[in-house]
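First the structure, in the form of structure tokens, and then the observations on it.
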Amino acid sequence: MATKKVTYNEAVSEIEEILEKIESEELDVDELTEKVKRVSVLLKICKDKLLKTNEQVEQILKEMEE
Amino acid sequence: MQQKLTLFELSEWIKDALKSAIPATVWVVAEISELKENRNGHCYLELVEKKGNEIVARARATIWSYTYRILKPYFETTTGQYFSHGIKVLVQVSVEYHPAYGLSLNVKDIDPAYTVGDMALQRKEIIERLQNEGVFDMNKELNLPLVPQKIAVISSKTAAGFQDFMNQLEKNARGIKFYTHLFEAWMQGSEAVPSIISALDRIFEYEDFFDAVAIIRGGGATADLSSFDNYDLAFHITQFPLPVVTGIGHEKDDTIIDLVAHTRMKTPTAVAEFFISGAERFYEQLAGLEEETVRMTRETIDSQKEQLEEFAADLNQFVGGFINKKNRQLLKTGNHLHQQVNRFSFNKQYELNNLRHDLHGALSVWKVETKNRIDSRKRILKRVVHEALQKETSGMNQLKGRVNHGFERLLTKEQERLYRHENTVRLLNPENVLNRGYTLTLKAGKIVKSAALLGVNDEIETRFADGKIQSKITKKE
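Going down the list, the sequences are from chains A and B.
Mapping the first sequence onto our numbering, position 22 (from 1) lands on 22, and the numbers just tick up by one.
Here our numbering = 1-based position in the second sequence + 1000.
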């Protein structure tokens, strides 16, 4: 999934962009729901990336040992 | 012939000459090019003086163990620099000449201030060179990722500082996951600079993978820091594409490596904390964003709900007003309609009465007229029938007269004819014929008119006017 490759910077700027939209009341309730869902997905991606072990990264590190 | 000397005699001569020519001790500036300690604690050195890269002077030197034991720590604590090769020193020496071992300098004392000054000068020169080359701030200008999570570590596996660093990272309170890989290097001594550069070169292959480089080393105040005031290493760091964080473990002035690094921390533990705090800050930023999203979403929903409720209230009022208005209109229309219907029905009733009246009048007229018409027709018909009847009756009477007349004539005529016929018939009657002497012959009840029909032995009946007889034919002619 493409969203897996979102960097922290991209995630944060996307979230901030969405927040700006929410604050400026540009969104109707349907869009709001959509955007809030997106924010929670992005937050989850970031938190997972922060706290959970990424096997791919571990694998690359292992390959360095050899 | 000149006087002949033995080598020893010459050597003694030189020794005496040196002794008288040179003071017992002199202060000499030199660079230590080699340094060895032997088992007895004596220190053997090679001192040189260079002009550029060329050695223009070289001399062996010794520091006897009882002096060395005092000089070395004194030097090292004062300068923060290992007493080793590669450094420039100001030493107080006595010039010794031994016939068997040649010239040698015996170090009596050392002035660390000179080395400190020289190092400072060197540092200054290196810094100026890096600045002139425009590279000094290059590593600092790199952006440290929001979360430096993948860290290439340059250290020595056995160094206490490395273990501190790793423990600190792993036991971070938030449980943030860090990925580290150790690129081993010598962190002190003459091998330090080339081995750290080689480690950087190895990390360079994974440039895209790592977020940052940590150069760490535990150690006390007496650490050998000269390696970190090295131009080549400093230059490598300025050119490195990843941000370099140093934790070299010293309290004194920053080394040049510290100065050119992206971030300078005092100890390996502090470097770990630096990374952790970066990640934690990000984690808190996420939490903040989450909170803000929730808050703003709630606010937006609340305000929209409020708006909706206002709309609903407005609508309620509007609809109520609308219904009332329509109700009133309806009542009015109803009343109006009632009136109209009444008026209409009254008018129609009136019209109907008129019509009825008219109809009645017309009907009476029509009735009279029709009756008159019928009567006149009746009269005409009666007359016509009467006339026809009279006509027919007179015709009939005429016809009757004619019929009667004809009939009487016909009757007379027929009576005459009948009378004639009666005579004829009377003349012709068989009985009369028989009476006149004619007979009738019958066979089996039937009249026989021809003799051909009779044969011999046939019985025949012969009728006479006064009776009949039976006879049998006996002969036929």
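Beta carbons are placed, not taken as given, at the ideal position from N, Cα and C, and that holds for glycine.
Computed from a predicted model, the values in this text were never measured in an experiment.
Excluding sequence positions up to five before and after A:L42, its CB lies within less than 7 Å of the CB of V6, A11, E14, I15, all in the same chain and listed in chain order.
Chain-ordered listing is empty here: chain A has no CB closer than 7 Å to the CB of B:Q1340, the nearest sitting near 51 Å. Here A:V29 is exposed. Its C-beta has fewer than 16 other C-beta atoms within 10 Å. With 16 or more other CB atoms across the displayed protein chains lying within 10 angstroms of its CB, B:R1123 is buried.
Distances from the CA of A:E55 to each of B:L1410, B:K1177, B:Q1163 were compared; the closest alpha carbon is that of B:K1177.
Between B:V1095 and B:I1110, the C-beta spacing is not below 8 Å.
For the 8 Å CB-CB criterion, B:D1458 and B:I1473 form a contact.
Inter-residue distance for B:L1200 and B:Y1066 is about 42 Å (C-alpha atoms, whole angstroms).
When rounded, the separation of the alpha-carbon atoms in B:L1399 and B:L1428 is 41 Å. Within a 10 Å sphere around the beta-carbon of B:L1071 sit 16 or more other beta-carbons, which makes this residue buried. Excluding sequence positions up to five before and after A:I18, its CB lies within less than 6 Å of the CB of K35, V39, all in the same chain and listed in chain order. In this structure, B:I1196 lies away from B:L1142, with their beta-carbon atoms at least 8 Å apart. Taking CB atoms only, A:I45 has no neighbour in chain B less than 8 Å away. Around the beta carbon of B:I1215, 16 or more other beta carbons sit within 10 angstroms, so the residue counts as buried.
By the Cβ rule, the segment 1177-1186 of chain B does not count as touching the segment 1116-1131 of chain B, because fewer than three pairs are nearer than 8 Å. Between the segment 1280-1299 of chain B and the segment 1188-1195 of chain B, the count of Cβ pairs shorter than 8 Å is below three; the stretches do not touch.
In this structure the segment 1229-1245 of chain B lies against the segment 1142-1157 of chain B, because at least three pairs of beta carbons, one per stretch, are closer than 8 Å. Contact residues of the segment 3-31 of chain A toward chain B are T7, Y8, N9, A11, V12, I15, E16, I18, L19, I22, E23, E25, L27, D28, V29 (C-beta to C-beta distance below 9 Å).
Pairing B:V1089 with B:T1115 gives a Cβ-Cβ distance under 8 Å.
Taking a cut-off of 8 Å for Cβ pairs, the segment 1005-1023 of chain B and the segment 45-53 of chain A do not touch, as fewer than three such pairs fall below it.
Of the residues assessed, B:K1150 falls on the buried side of the cut-off, its CB having 16 or more other CB atoms within 10 angstroms. Beta-bridge partners assigned by DSSP to B:I1110: B:V1091.
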